[in-house]
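S.K.:
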Amino acid sequence: MAEAARLLACFEACRLSLSQITRNVQKYQFNATSLVNAKPSTDEYSARAAIVKEMESVAENLGAFQDNSTQS
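Per the numbering used here, the sequence shown runs over residues 5 to 76.
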């Protein structure tokens, strides 16, 4: 019984950590998108667009992991 409670507490801590990471990624993604929309030079635009795409991918993966962890 104590082991189950410990595992549940650990799971909840991980879930909360993932929620915080997801919020941070979304905040970073918003900031990166704002930079892209600032109409920088072509090279800067390409670099910033790549960052946005990467962060979108990270956010999707974290969201899928979080969905899977809450269903477990």
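We treat Cβ as the ideally placed atom computed from N, Cα and C, and that holds for glycine.
Report the three-state DSSP secondary structure of MET59 (helix, strand or coil).
M.R.: Three-state result, MET59: helix.
S.K.: Would you kindly work out how many angstroms separate the C-alpha atoms of ARG10 and ALA17, rounded to a whole number?
M.R.: 11 Å
S.K.: Determine the closest residue to ARG81 out of TYR32, SER21, CYS14, ASN65, with distance taken between C-alpha atoms.
M.R.: Nothing in the structure corresponds to residue 81, since the chain is present only between 5 and 76.
S.K.: Could you pull out every residue in the same chain whose Cβ sits closer than 6 Å to the Cβ of THR26, ignoring the five residues on either side in sequence?
M.R.: LEU66
S.K.: How about ALA6 and GLN30: are their beta carbons less than 8 Å apart?
M.R.: no
S.K.: For ALA8 and ALA68, I'd like the C-alpha separation in whole angstroms.
M.R.: 25 Å
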